[in-house]
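Chains as they are written, first to last, in this note's numbering: chain Y, 1 to 237; chain W, 1 to 410.
Even glycine gets a Cβ: it sits at the ideal position worked out from N, Cα and C.
First the structure, in the form of structure tokens, and then the observations on it.
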């Protein structure tokens, strides 16, 4: 099972209709990402990297090709089945954190478990706390997002992504709104989580951030232009 | 998402914006309060009418002398002179459930006492009449069987007549004159007030039946057995419609009316008078309820409006919820529960306010009001439906958002 790649895409295609034109945002991309890899996805805007991430995240469906995630064919599942896949197998981290301002840090972390039938109500509190400990924010559990710094907010968001114990963490420009010192902290956190076995796929346009990954996928004009492995830089703040 | 989580989420977001929640609820609050208060006023009015009818004598049937057509000229009521004392006896004997059937004659005339005189209605009655109408005697004694049999020259006065002839003085034992006949006052009737049609029931004098017949000029001329009206009291719970049918059949037979010939008498069930008043009170209730229903509708539109704003404002939240595993139906449920909770909360406040207003109307204006739990249940139920109905469109819009676009929404 472990030899089976976590992600396997084959000739993945996504076409958008822009008025009379049809834009092939993603044009026959094939790739595999193994379990425990740390991958940076790069490319200029319009290169198809966001489309690729949306497809990997099961937020969108491909117009052609196949997508196997964690041993399951997910390319043509319906909306409810995709929601279940997102709930159990994928954790999302966004550039703008996307925390709900009304809720405390812990309540934000608990949110994904509300939609996961596999987690009992009684387990929620302890799992949320464990996730906050994993990101080093246990003392801030009862703070609201507005009472937290940007770095802390992103840690809460990462705890939220971890709480359903998914094998895959997808991060979309997670350091885009952070200063360089905080960026280093967050990247160190990603590396630490990656060493515990979680596969991390991260979109960035900053080469300094991509340097912390063990593999870089470079997109251009809807194609996978370059697939480079590298020795990751250590992000110790 | 479990229903408990959905409810908790909905209440959380309502609590997150208390001012908006309160203002949105206001439409429903006013609507429900209006429904409850207005229906309470309408129902109270009806109850009052029903009580007045009961005070008239709930299960009375009045049979009166009808009109006849002579040579194409239709003469007025009472012109037939075919209703007789024996008809009353026959009704008492033959109509099942008839407790009392008693005849009366009446005359509008002047009553004189000393130098005072007063125009009023004189009734020639039997003791059973007082019993049928639940009249009680305030002072002195009632008319007895012997008074009737011997045509004693005695009279019972209504309170209004006493006031106009004797002022504040005690009339019992004094003498009043009707035409040239002196009558001894033996008692005063207890005050009864106005009846359902606004007539003063205390503006009357009662004398024994035969005293009236022998001493009132013109009364005895036609037919000595003639009566103007028969008052029939049915036993409690009797079928009034059936009883009227029986009386009609009996009198037609006794008066030898051929099939197709018009009745020479009229008949009135006192509950019919009430029914008319009751119907108008009911129409008033319906009208008030309709006005209130419109305000509920307006409240519902207010909810839809705010829910649409809320969905737009929370687009990113919806995107995030979808990303972390919410299904479309979870989002739909969240917003539906939110709008329903909003309207039910409004309904709860409205119920309290409505009951309070009804009590205030009773207290200040002195109108009788009655809050029925059916009204409360209906108002709350309708509010719930309003919440679901007007929440459906915004909730559906929320649930159909594309998660990618929703997450990117500014």
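Open item on the list: Assuming residue 104 of chain W and residue 229 of chain W are in contact, meaning their beta carbons sit under 8 Å apart, how far apart are those beta carbons, in whole angstroms?
Closed with: 5 Å
TODO: Let me know the secondary structure DSSP gives residue 210 of chain W once reduced to three states.
DONE: helix
Open item on the list: Quick check on residue 227 of chain W: buried or exposed, where buried means 16 or more other Cβ atoms within 10 Å of its Cβ?
Closed with: buried
TODO: Tell me residue 177 of chain W's beta-bridge partners as DSSP assigns them.
DONE: W/112, W/182
TODO: Classify residue 135 of chain Y as helix, strand or coil using the three-state DSSP reduction.
DONE: coil
TODO: State yes or no: is the beta carbon of residue 278 of chain W nearer than 9 Å to at least one beta carbon in chain Y?
DONE: no
Task: Span of the alpha helix (DSSP H) around residue 160 of chain Y - done: 150-162
Open item on the list: Which residues of the segment 316-337 of chain W have a Cβ closer than 9 Å to any Cβ of chain Y? Give them in chain order.
Closed with: 316, 317, 319, 320, 321, 322, 323, 324, 325, 326, 327, 328, 329, 330
Open item on the list: 9 Å is my cut-off, CB to CB: does residue 307 of chain W come that close to chain Y?
Closed with: no
Task: Which listed residue (Y/38, Y/205, Y/21, Y/118) has its alpha carbon closest to that of residue 249 of chain Y - done: Residue numbering for chain Y in the displayed model covers 1 to 237; residue 249 of chain Y lies beyond these limits and cannot be assessed.
- [ ] Using a cut-off of 9 Å between C-beta atoms, extract the partners of residue 232 of chain Y located in chain W.
- [x] Chain W residues near residue 232 of chain Y: none, gap ~27 Å exceeds 9 Å.
Open item on the list: Three Cβ pairs or more, each shorter than 8 Å: is that satisfied between the segment 86-101 of chain W and the segment 240-248 of chain W?
Closed with: yes
Task: Beta-carbon neighbours of residue 412 of chain W, restricted to chain Y and to distances below 8 Å - done: A query on residue 412 of chain W cannot be resolved here, the shown segment of chain W reaching from 1 to 410 and no further.
TODO: To the nearest angstrom, report how far apart residue 48 of chain Y and residue 25 of chain Y are at their CA atoms.
DONE: 5 Å
- [ ] Measure the C-alpha to C-alpha separation of residue 136 of chain Y and residue 105 of chain Y and round it to an integer number of angstroms.
- [x] 12 Å
TODO: Find the nearest neighbour of residue 189 of chain Y within the set Y/215, Y/218, Y/156, Y/167, judged by alpha-carbon distance.
DONE: Y/156
TODO: Answer with yes or no whether the minimum CB distance from residue 45 of chain Y to chain W is below 9 Å.
DONE: no
Task: Candidates W/375, W/148, W/345, W/15: closest to residue 387 of chain W by CA position - done: W/345
Task: Three CB pairs or more closer than 8 Å across the segment 303-321 of chain W and the segment 277-291 of chain W - done: no
Task: C-alpha gap between residue 81 of chain W and residue 212 of chain W, whole angstroms - done: 16 Å
- [ ] Identify whether residue 216 of chain W lies in helix, strand or coil by the three-state DSSP scheme.
- [x] coil
Open item on the list: Three Cβ pairs or more, each shorter than 8 Å: is that satisfied between the segment 229-236 of chain Y and the segment 60-69 of chain Y?
Closed with: no
TODO: Spell out whether any CB of chain W is found under 9 Å from the CB atom of residue 80 of chain Y.
DONE: yes
- [ ] Answer yes or no: do residue 170 of chain Y and residue 93 of chain Y have a C-beta to C-beta separation smaller than 9 Å?
- [x] yes
Task: Proximity test, Cβ basis, 9 Å: residue 2 of chain W and chain A - done: Although the question refers to chain A, the structure presented lacks it and instead comprises the protein chains Y and W.
Open item on the list: Pairs of beta-carbons, one from the segment 77-85 of chain Y and one from the segment 327-342 of chain W, closer than 8 Å: are there three or more?
Closed with: yes
Task: is_contact[residue 219 of chain Y, chain W] using C-beta, thresh 9 Å - done: no
- [ ] Verify the CB distance criterion: does residue 60 of chain Y have a CB-CB separation below 9 Å to chain W?
- [x] yes
Open item on the list: Residues of chain Y with CB closer than 7 Å to the CB of residue 18 of chain W, please, in chain order.
Closed with: The premise fails here: residue 18 of chain W is roughly 12 Å from chain Y at the closest Cβ pair, so nothing lies under 7 Å.
TODO: Can you pull the chain W residues whose beta carbon is under 7 Å from the beta carbon of residue 114 of chain Y, in chain order?
DONE: 1, 5
Task: For residue 410 of chain W and residue 319 of chain W, the rounded distance between their alpha carbons - done: 12 Å
Open item on the list: Counting only C-beta atoms, is residue 134 of chain Y closer than 9 Å to chain W at any point?
Closed with: no
Open item on the list: Would the segment 108-122 of chain W count as touching the segment 130-148 of chain W if we require 3 or more Cβ pairs under 8 Å?
Closed with: no
Open item on the list: Give me the DSSP bridge partner(s) of residue 123 of chain W.
Closed with: W/106, W/206
Task: Burial state of residue 97 of chain Y (16 or more Cβ within 10 Å) - done: buried
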